[in-house]
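Let me begin by presenting the structure, written as structure tokens, before commenting on it.
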Ligand SMILES: [Fe+2]
Ligand SMILES: [Fe+2]
Ligand SMILES: [Fe+2]
Ligand SMILES: [Fe+2]
Ligand SMILES: [Fe+2]
Ligand SMILES: [Fe+2]
Ligand SMILES: [Fe+2]
Ligand SMILES: [Fe+2]
């Protein structure tokens with residue numbers, strides 16, 4: 001199975017780039033399943049229902065999020081209306097929306113996708129991400145309820161990300177980190193067969209600070225005082241993601257490689273799909 | 001000028017790999033200058049004088065460090081004995097050792113190397129890294145006192161790293177992040193001509209948690225209690241670094257690309273050196 | 001019912017002061033129940049079984065702890081042997097020891113004591129302290145299973161402490177914060193009848209940094225480098241605690257006032273016991 | 001010299017209480033100098049020029065601030081117009097306003113007041129608070145340029161506060177912490193003669209979360225999701241502060257005791273002024 005994951009779309013430039021390129025990628029690369037992180041799609045802060053729908057329309061099967069999920073107030077309402085929209089699973093019971101779901105890929109495979117948030121340097125108030133993963137895996141073990149299992153682990157610390165990868169190794173098809181907005185080059189298949197990448201990076205303007213116009217962030221690092229608001233950068237976006245080839249037989253990973261398209265970073269397509 | 005930077009050597013496996021491979025790289029790639037981060041070379045915690053000397057012996061021109069610099073007590077003493085050893089420059093005045101130095105490359109160029117530590121999620125008690133860089137750049141501007149200027153910016157947060165890059169853009173040859181132990185794939189030449197990479201990754205065992213045996217870190221994420229000590233992982237190391245081609249004329253970057261050698265990550269050599 | 005809570009005993013001077021004064025306080029003030037926080041009793045770091053037993057021997061009915069609970073390795077073992085020893089309740093299921101217990105006071109009342117740890121600025125990896133409290137209160141509601149309910153809420157942030165107080169207001173007899181080692185003067189009875197104090201302070205040498213010899217902590221704030229180890233201060237200790245009068249009828253608080261005995265802080269005894 | 005310090009005024013209820021009570025306190029207690037922290041006076045977030053002027057009008061000689069200083073945008077402008085307005089001194093050179101000033105007390109004494117912000121758990125991007133204090137003390141040593149020296153040390157961590165106290169002990173008249181909004185009871189005169197209190201508490205509604213209406217903060221601790229905005233609580237305020245008797249001869253402290261007036265906390269007036 002051919003699965004593509006695209007990192008956090010940031011602002012108009014990021015989401016537009018995804019909307020423009022994704023349909024072609026789906027057909028050219030014959031993708032079976034596409035996941036896109038959308039937590040920064042609305043000006044850098046959250047996502048609207050309209051943006052969500054447009055992203056699904058462009059070919060995404062699931063839109064994941066992260067710490068910015070509630071930045072647009074309407075998310076609290078529309079998150080409950082769409083099965084393909086995920087907020088982090090380790091919010092407490094009773095939180096609107098869902099943190100994981102079972103979806104059908106174009107090849108008929110059942111794909112379990114879960115969005116989980118890390119806590120180190122981030123959100124101590126969330127539930128244990130390791131326990132959340134455990135519960136999800138127990139409810140739908142690989143090759144029983146699901147033909148593929150993917151975690152979008154939205155976290156800051158590389159230690160927490162790597163340990164999370166080892167924790168589900170052999171029980172999930174793929175763990176991809178998000179949140180730092182910087183793509184990492186440590187893609188590998190762990191000992192148990194789970195594909196792993198610490199961070200997918202973002203889909204946005206890489207002449208920026210994390211996709212935001214660099215002037216105000218830089219001003220704050222220098223003057224230590226706010227001067228204006230944070231606004232999404234508007235230069236041309238580079239799409240960052242990662243492709244994984246998942247075995248139909250075992251549900252584990254056969255290959256993993258980055259996908260990068262755009263003007264600022266080195267472009268690449270998973271060689272096993274070229 | 002051909003400059004190679006290697007990320008944090010972690011433990012025996014990491015430093016041994018560097019010692020074994022570096023001499024060949026220096027001659028095969030005709031490297032003019034080599035910088036290696038050594039903050040985790042001694043079992044993951046700090047560096048000894050013996051390890052430092054062996055690394056210089058293997059071909060490093062400068063050894064940089066970071067938050068683990070003082071983990072081995074002897075560092076407080078030997079840091080003052082060796083010009084080629086750098087601790088973060090933004091320790092207060094009076095701190096033993098030095099945070100930057102001017103060195104001669106094999107091609108005769110004068111290379112200014114500075115080691116600076118970020119503060120976000122890290123060490124609020126250090127001096128302002130941006131001011132520290134400013135002072136260094138004012139004392140030895142590019143193409144006046146130095147033919148090339150390189151910053152090892154040891155930091156956690158990608159926002160601080162990117163803003164630091166923009167801050168010195170056009171005034172330094174190269175900014176490379178370290179500390180997360182995960183190589184990033186966002187190498188680019190910024191608008192002003194400075195080569196930039198958010199993190200060089202580590203030279204160590206990538207079947208691990210940041211180069212440390214994964215058992216105890218994973219135990220702590222699950223049980224929230226210490227069971228044993230953190231120990232360096234001992235599997236075969238992957239060397240992670242980055243090569244930069246620096247213009248003799250402008251001191252700015254002409255090309256940047258990662259270098260990765262070893263069993264776990266995708267191997268690559270800067271194409272402009274191949 | 002007369003309940004006395006004493007803050008974190010720090011080092012030899014702190015625990016010795018408690019051992020010497022507590023028997024007299026129990027008889028002079030005709031105390032029905034005594035809780036002492038012992039997380040720093042062993043040189044500032046954790047507590048040994050011997051120290052625990054001596055503290056029980058001096059008149060404590062329960063010894064609570066906090067983030068330092070496992071500093072002495074033997075705690076992992078002996079915590080399971082003593083009902084009167086509590087570690088924070090919001091460690092995950094399967095953690096040795098217990099986080100709450102039901103005890104008999106000298107007047108025959110059943111006293112539920114729970115030790116819970118905050119997460120803000122502290123330990124994001126622990127379970128939700130609010131949920132932990134909810135579970136405890138549901139299992140043994142006030143005036144059903146318990147005649148009095150006391151929470152030692154070990155936390156840093158005053159916002160988390162105050163919100164915790166409001167959360168259990170009317171359902172617990174008393175919430176006392178610990179961990180900052182500084183006694184606060186905000187004792188009050190909340191609207192629902194729960195006595196509240198943000199921090200009990202410590203039993204230790206107040207000519208110090210949190211009960212530790214001030215030289216090394218001060219050195220680190222100034223030089224940003226370790227010079228030696230942290231050691232408990234050894235000057236005469238001031239005992240800091242708080243007395244609460246709990247209604248036999250409602251289980252809620254009738255009065256709360258601090259108790260301080262020693263050379264550095266203003267001495268005081270709850271006026272309703274004088 | 002009789003010096004009164006009042007903690008952070010929070011919202012309308014806090015500032016109104018101060019404005020109503022302060023004139024009477026100045027005359028009844030024959031105060032020579034009054035400092036009030038105003039960082040939360042405007043609805044909990046910052047301070048306006050009008051509120052500042054009204055506070056001066058009520059009898060304050062200096063208004064200090066903290067991390068909320070820039071919350072009201074106009075502060076960036078008016079901070080430069082008023083010598084009696086202080087923002088934290090450890091902002092970088094070039095920041096609008098001033099961090100310390102020399103003032104005349106009603107008894108003719110020259111009083112140096114400095115506002116400094118801590119960094120632990122707070123603002124790593126600010127300059128070293130210890131160095132900032134050192135520079136201030138060197139520029140105007142006690143009994144040379146100043147007859148009294150007072151630091152409002154706005155910080156979270158008790159360790160940083162206590163170490164700051166020891167750092168200036170014997171060189172300042174008084175160190176008072178602010179920011180936690182909870183009054184501490186650890187007032188003492190340090191070995192060198194400096195009066196010290198870890199936190200003055202706030203002037204605000206103590207049936208709240210730090211002076212803010214408790215509903216939304218509590219909601220966030222429970223649901224982990226924002227539901228509304230933070231708003232200042234509106235119940236009757238308790239005034240919290242501390243009185244210090246400073247020697248005209250030495251500039252050091254002769255006595256220190258809390259002042260608390262209002263409905264929720266135990267009321268007290270410095271006994272040496274009663
Ligand atoms: Fe994001
Ligand atoms: Fe994020
Ligand atoms: Fe490192
Ligand atoms: Fe590091
Ligand atoms: Fe403690
Ligand atoms: Fe503690
Ligand atoms: Fe405040
Ligand atoms: Fe504050």
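Chains as they are written, first to last, in UniProt numbering: chain A, 1 to 274; chain B, 1 to 274; chain C, 1 to 274; chain D, 1 to 274.
Ideal Cβ placement from N, Cα and C applies to all residues, glycine included.
In this text, all values refer to a predicted model and were calculated from it rather than measured experimentally.
Query: Got a sec, what are the start and stop residues for the beta strand (DSSP E) residue 245/A sits in?; Result: 239-246
Query: Tell me whether residue 127/C, by its Cβ, gets closer than 8 Å to a heavy atom of ligand 8.; Result: no
Query: Measuring only from the beta carbon, is residue 212/A closer than 8 Å to any heavy atom that is part of ligand 5?; Result: no
Query: Taking the alpha carbon of residue 8/D as the point to measure from, which residue in 246/D, 80/D, 212/D and 218/D has its own alpha carbon closest?; Result: 212/D
Query: Could you tell me whether any non-hydrogen atom of ligand 5 is closer than 8 Å to the CB of residue 160/C?; Result: no
Query: In this structure, how does DSSP classify residue 188/B when only helix, strand and coil are distinguished?; Result: strand
Query: Who are the near neighbours of residue 210/A in its chain, counting only those whose CB is closer than 6 Å to its CB and skipping five residues on each side?; Result: 181
Query: Per DSSP, residue 260/A forms a beta bridge with which residues?; Result: 240/A and 268/A
Query: Hey, out of 184/D, 221/D, 50/D and 111/D, whose CA is closest to residue 81/D's CA?; Result: 50/D
Query: Tell me whether residue 40/A is buried or exposed, calling it buried when 16 or more other Cβ atoms sit within 10 Å of its Cβ.; Result: buried
Query: Rank 141/B, 133/B, 94/B and 144/B by C-alpha distance to the C-alpha of residue 161/B and give the top, closest one.; Result: 133/B
Query: Anything in chain D within Cβ reach of residue 168/B, meaning under 8 Å, just list it in chain order.; Result: Per Cβ cutoff of 8 Å: no residues; residue 168/B is ~17 Å from chain D at best.
Query: Going by DSSP in three states, residue 51/B sits in which element: helix, strand or coil?; Result: helix
Query: State yes or no: is the C-beta of residue 59/C within less than 9 Å of the C-beta of residue 25/C?; Result: yes
Query: Would residue 257/A and residue 236/A qualify as a contact pair, given that the criterion is a beta-carbon distance under 9 Å?; Result: no
Query: Return the residue from the list 157/B, 156/B, 167/B and 121/B that minimises the CA-CA distance to residue 136/B.; Result: 167/B
Query: Does DSSP put residue 277/D in a helix, in a strand, or in coil?; Result: The question about residue 277/D has no answer here: the residues shown for chain D are numbered 1 through 274.
Query: Does residue 28/A pass the burial test, meaning 16 or more other C-beta atoms within 10 Å, or should it be called exposed?; Result: exposed
Query: On the DSSP letters alone, give me the boundaries of the alpha helix (DSSP H) that residue 219/C sits inside.; Result: 215-223
Query: Measure how close the beta-carbons of residue 61/D and residue 107/D come, nearest whole angstrom, since I'm counting them as under 8 Å.; Result: Contact flag wrong, Cβ pair sits at about 12 Å.
Query: Nearer than 8 Å: is that true of the beta carbon of residue 67/A relative to any heavy atom of ligand 2?; Result: yes
Query: Could you say which of 273/B, 250/B and 203/B lies nearest to residue 43/B if we only look at CA atoms?; Result: 203/B
Query: Compute every distance between the C-beta of residue 9/D and the non-hydrogen atoms of ligand 1, then say whether any falls below 8 Å.; Result: no
Query: Please report the residue range of the alpha helix (DSSP H) in which residue 137/D lies.; Result: 129-139
Query: Report the residue from 71/D, 252/D, 116/D and 207/D whose alpha carbon sits nearest the alpha carbon of residue 190/C.; Result: 207/D
Query: Starting from residue 221/D, find everything on chain F with Cβ-Cβ shorter than 9 Å and list it in chain order.; Result: Absent here is chain F; the protein component of the structure consists of chains A, B, C and D.
Query: For residue 150/D versus residue 174/D, is the C-beta distance shorter than 9 Å?; Result: yes
Query: In this structure, how does DSSP classify residue 253/B when only helix, strand and coil are distinguished?; Result: strand
Query: Contact check, residue 228/A vs residue 198/A under 8 Å by CB: the rounded distance?; Result: So it is not a contact: roughly 32 Å between Cβ atoms.
Query: Figure out for me which residue from 200/D, 38/D, 172/D and 128/D has the closest Cα to the Cα of residue 247/D.; Result: 172/D
Query: Using a Cβ-Cβ cut-off of 9 Å, state whether residue 158/A counts as contacting chain B.; Result: yes
Query: Between residue 64/B and chain C, is there a C-beta pair that is closer than 9 Å?; Result: no
Query: In three-state DSSP terms, what is residue 101/C?; Result: strand
Query: At the level of alpha carbons, what is the spacing between residue 77/C and residue 184/D?; Result: 36 Å
Query: Let me make sure I understand the geometry here. Which of 74/A, 57/A, 56/A and 34/A has the alpha-carbon closest to that of residue 47/A?; Result: 74/A
Query: Would the segment 217-226 of chain D and the segment 83-99 of chain A be scored as touching if the rule is three or more Cβ pairs under 8 Å?; Result: yes
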